[in-house]
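Asker: The sequence shown maps to residues 12 to 341 in my numbering.
Ideal Cβ placement from N, Cα and C applies to all residues, glycine included.
Take a look at the following structure, please.
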Amino acid sequence: MDLKPYNTMAVSAKARYFAEVTDRRELELVLDFARRENIEPFILGGGSNLLIASHLVNRLVIKMNMKGFEVRTDEKIVKVGAGESWHETVQRVLDLGWGGPENLALIPGTVGGAVVQNIGAYGAEVAQFVRSVEVFDPQTSLVRTLTNEECDFGYRHSVFKTQAGSKWIVLAVKLAFDSQWSANLSYKELALGFKDSQETTPQAIFEAVVAARSRKLPDPKVLPSAGSFFKNPVVTREVFQQLLEQFPSIVHYPLSGGREKLAAGWLIDQAGLKGVRHGFAGTYEKQALVLVNHDGSADGQALLDFASFIQDTVEEKFGVRLEPEPVVLE
Ligand code: EPU
12 MDLKPYNTMA VSAKARYFAE VTDRRELELV LDFARRENIE PFILGGGSNL
62 LIASHLVNRL VIKMNMKGFE VRTDEKIVKV GAGESWHETV QRVLDLGWGG
112 PENLALIPGT VGGAVVQNIG AYGAEVAQFV RSVEVFDPQT SLVRTLTNEE
162 CDFGYRHSVF KTQAGSKWIV LAVKLAFDSQ WSANLSYKEL ALGFKDSQET
212 TPQAIFEAVV AARSRKLPDP KVLPSAGSFF KNPVVTREVF QQLLEQFPSI
262 VHYPLSGGRE KLAAGWLIDQ AGLKGVRHGF AGTYEKQALV LVNHDGSADG
312 QALLDFASFI QDTVEEKFGV RLEPEPVVLE
């Protein structure tokens, strides 16, 4: 089975075993198979935050296709299957006449992936809306419900990315929305668009976010990518002060405790690496933080080599080592 259609980077790689599951029973069956064959499973969502490094993946790749969208109107809660599309979920919530997730429109991937990764954009993160997460524990064959706190969300981080939590398989997510909606215009560019606007509605913000993303980010169907390839690095106050002296226009966002988050896209751009290309691997011409796979012809190793080149060049100029955002599947 070629995994090319299952990752937005469009890397071609064979999976030793592949299964698509639509409910818990099927999941248990394929996990039993993996145990019997002594092969490690790999849970695949939308493949939009994934870099497949090798040509042959010696795993049982399990494509999560669990559907479901249950509405609790009284509590403004939806319970959504892990395999549902995140963007469609945002649309369905807005179609209920509710607001909340509009800043997170057009992010590729599934609801399960959204939680594992704690997706974020335009001043919002999915963690804000997660009431609880239903997970399957393959070691005990039990289903468990984790509260928001137990998910330990951080910037592009959750318990599911740690050793302790990686064993859990997300089955469904409960998303809760405020009874009184108010617009989140904390992201400067989004606020500017609504400066003189009379009509600030969830739908209007949704459309503005869709338009902004379409302007800045490549459509994976046209030019394969995994969105931002690196996280925005966080540095101490001391490191930041030194950088600011040397680079007065450095883009930064203050965090609590005096730390600063830097814009990785700005760092890569200033290192002269926006729109460059090594073979089929490159950075996007409009957003240096996005690694692209031209013609879908680069393999995982070529993309990883290119990513290392970016890390080295940025580190040489700014003394900051960028950390990749996607999951790397060997
Ligand atoms: N910038 C440049 N040159 C570039 C790219 C960016 O100078 O080539 C500057 C911009 O002008 C801006 C700053 O860097 O001042 C930040 O850029 P941008 O607003 O485009 O956002 P980002 O920090 O690069 C983050 C998320 C995106 C999310 C956007 C919008 C990360 C790693 N990325 O990007 O998330 O859509 O903000 O909120 O946090 C993703 O995670 O896959 C992703 C696309």
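Taking only three categories from DSSP, how would you classify residue 325?
Answerer: The answer is helix: DSSP assigns residue 325 an H, G or I state.
Asker: Is residue 52 helix, strand or coil when you go by DSSP?
Answerer: Three-state DSSP puts residue 52 in a strand.
Asker: Beta carbon of residue 81: closer than 8 Å to some heavy atom of ligand 1?
Answerer: No, Cβ of residue 81 sits at least 8 Å from all heavy atoms of ligand 1.
Asker: Residues in the same chain with beta-carbon distance under 6 Å from residue 66, minus the five sequence neighbours each way, listed in chain order, please.
Answerer: Excluding sequence neighbours, residue 66 sits near 24.
Asker: Exposed or buried, which one is residue 59 when buried takes at least 16 other CB atoms within 10 Å?
Answerer: Per the 10 Å Cβ criterion, buried.
Asker: Is it buried or exposed, residue 247, if we count other Cβ atoms within 10 angstroms and call 16 or more buried?
Answerer: Under this definition residue 247 is an exposed residue.
Asker: Please report how far the alpha carbon of residue 113 lies from the alpha carbon of residue 337, in whole angstroms.
Answerer: About 23 Å.
Asker: Thinking C-alpha only, which one of 254, 108, 138, 139 is nearest residue 327?
Answerer: Here the closest residue by C-alpha is 254.
Asker: With distances taken from CA atoms, which of 18, 189, 41, 27 is nearest residue 84?
Answerer: It is 189 whose Cα lies nearest to the Cα of residue 84.
Asker: Name the DSSP bridge partner or partners of residue 83?
Answerer: Note: residue 83 sits in a beta bridge opposite 88.
Asker: Are the segment 303 to 310 and the segment 278 to 291 touching by the rule of at least three beta carbon pairs closer than 8 Å?
Answerer: The segment 303 to 310 vs the segment 278 to 291: in contact.
Asker: Quick one: using the 10 Å Cβ neighbour count with 16 as the cut-off for buried, is residue 333 buried or exposed?
Answerer: Label assigned to residue 333: buried.
Asker: Can you tell me whether residue 198 sits near ligand 1, meaning its C-beta is under 8 Å from at least one heavy atom of the ligand?
Answerer: Yes - ligand 1 has a heavy atom lying nearer than 8 Å to the Cβ of residue 198.
Asker: Using a Cβ-based criterion (distance less than 8 Å to any ligand heavy atom), does residue 17 qualify as near ligand 1?
Answerer: Result no, Cβ not under 8 Å from ligand 1.
Asker: Could you pull out every residue in the same chain whose Cβ sits closer than 8 Å to the Cβ of residue 306, ignoring the five residues on either side in sequence?
Answerer: Hits under 8 Å: 291.
Asker: Residue 301 and residue 236 look like a contact to me (Cβ under 8 Å); what is the Cβ gap, rounded to whole Å?
Answerer: Contact flag correct, Cβ pair sits at about 5 Å.
Asker: How should residue 178 be labelled, buried or exposed, when 16 other C-beta atoms within 10 angstroms of its C-beta is the threshold for buried?
Answerer: Looking at its Cβ environment, which holds fewer than 16 other Cβ atoms inside 10 Å, residue 178 is exposed.
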